[in-house]
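Protein chains in written order, with the numbering used here: chain L, 1 to 144; chain A, 1001 to 1144.
2 protein chains.
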Amino acid sequence: MLIGEYEHTLDEKKRVTLPKPFAKALGKKMVITRGLDTCLFLFAEDAWKKVAEKLQSLSFAQADTRGFNRFLLSGAVEVSPDGAGRILIPDHQKEFAGLKRAVVFAGVSDRVEIWDASAWKNYKARIEKQADAMAEKLGEIGAL
Amino acid sequence: MLIGEYEHTLDEKKRVTLPKPFAKALGKKMVITRGLDTCLFLFAEDAWKKVAEKLQSLSFAQADTRGFNRFLLSGAVEVSPDGAGRILIPDHQKEFAGLKRAVVFAGVSDRVEIWDASAWKNYKARIEKQADAMAEKLGEIGAL
DNA sequence: AAGATTGTGGGAAAAAGTGGGAACCCGCAG
DNA sequence: CTGCGGGTTCCCACTTTTTCCCACAATCTT
């Protein structure tokens, strides 16, 4: 289970070091894709396989699922960490997520999300405001 | 069942010692998450697992559950007490809960809440007032 | 009053994160 | 065919943060 939040820096060579806790869990091979809400998704190899399978099982007949497929699959790249535990962020993904120098890694169950630090701050501020509504939902699913 | 209220200090290295009664009940591994009302939740490992399982069952296709997952999962960290029975509070959580030097541990059934001492005082004052009002109301309708 | 237990502080060792240089592999032009 | 950029990849070294450990203060117990 991937959890936690870490801020790292993307250098001029488009490298970022994976937070140590994530590096262990993700292994040697992982996949970066465009994510939802202007962030990138980072999956461990087998977690990615599961996602890919699920996507394939969706009907081709509907235009929206086709679009969703393209969205997730076309932008996907397999990456491996270098000797120092860093990965390279491809240009088009860097652009897509609007990454600057400061980026945030956020663990969300089976994936890691990569955000531009300031975008993350904004997003977080937004969802924190909705905390009350969330509390109700938590009650519904019986989590708390 | 975790009960009681203890005030401890968060040192410059962001360490706090767990109150001894909680330390025993929480075990070697525990999870800190963002809580509701500007405090942090501290779960024992298995109490956390129950919450996590429920969260995993939610789909990431919907915007609100995505936000919900991010809020709880990215805000969570697994921690272990050091040799002196202290845990480390990550930066973003310290900031979220507005923790200063003095923090309060409050046992609430299956979790421990961590509050900034002054925020706790305010909150307590508020709910105590509400309790009085509620008691009066209950008295009026003859419930007590 | 002495000893045990709990909470706090700080110093030294280790590790994580970052930057930058050197080697390497392309394609391209002379 | 040879030599010259441009862009990667690999590797090393520095800095900062974290982790581990020990010592002291305060409190409770016997």
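All C-beta atoms in this analysis are idealised placements derived from N, C-alpha and C, irrespective of residue type, glycine included.
CB contact below 8 Å: residue i versus chain A
i, result
"Ala131 of chain L", "yes"
"Ala135 of chain L", "yes"
"Met1 of chain L", "yes"
"Ile127 of chain L", "yes"
"Gly4 of chain L", "yes"
"Ala106 of chain L", "yes"
"Ser118 of chain L", "no"
"Ser80 of chain L", "no"
CB contact check: residue i to chain L, cutoff 8 Å
i, result
"Arg1101 of chain A", "no"
"Asn1147 of chain A", "Absent from the model: residue 1147 of chain A. The displayed extent of chain A is 1001 to 1144, so no value can be given."
"Arg1066 of chain A", "yes"
"Glu1113 of chain A", "no"
"Gly1085 of chain A", "no"
"Leu1018 of chain A", "no"
"Val1077 of chain A", "yes"
"Ser1074 of chain A", "yes"
"His1008 of chain A", "no"
Short Cβ contact (8 Å threshold) for residue i with residue j
i, j, result
"Thr1009 of chain A", "Gly1085 of chain A", "no"
"Leu2 of chain L", "Gly107 of chain L", "yes"
"Met1030 of chain A", "Phe1043 of chain A", "yes"
"Ala1047 of chain A", "Asp1110 of chain A", "yes"
"His1092 of chain A", "Glu5 of chain L", "yes"
"Ala1119 of chain A", "Thr1065 of chain A", "no"
"Gly1098 of chain A", "Gln130 of chain L", "no"
"Lys94 of chain L", "Lys13 of chain L", "no"
Cβ separation of residue i and residue j, assumed to be a contact under 8 Å, to the nearest whole Å
i, j, result
"Phe1022 of chain A", "Phe1105 of chain A", "6 Å"
"Glu1113 of chain A", "Gly1035 of chain A", "6 Å"
"Leu1088 of chain A", "Thr1033 of chain A", "Actually they do not touch by this definition, with Cβ atoms about 15 Å apart."
"Ala182 of chain L", "Ala117 of chain L", "Here chain L comprises residues numbered 1 to 144, so residue 182 of chain L is not present and cannot be evaluated."
"Lys1028 of chain A", "Ser1080 of chain A", "6 Å"
DSSP bridge partner residues for residue i (one or two, in chain order)
i, result
"Trp1120 of chain A", "Trp1120 of chain A is not bridged to any residue."
"Ser1080 of chain A", "According to DSSP, which records beta bridges pairwise, Ser1080 of chain A is partnered with nothing at all."
"Thr38 of chain L", "In DSSP, Thr38 of chain L forms no bridge with anything."
"Trp1048 of chain A", "Its beta-bridge partners do not exist; DSSP assigns none."
*Scan the segment 34-65 of chain L for residues whose Cβ lies nearer than 8 Å to a Cβ of chain A and list them as they occur along the chain.*
Leu36 and Asp37
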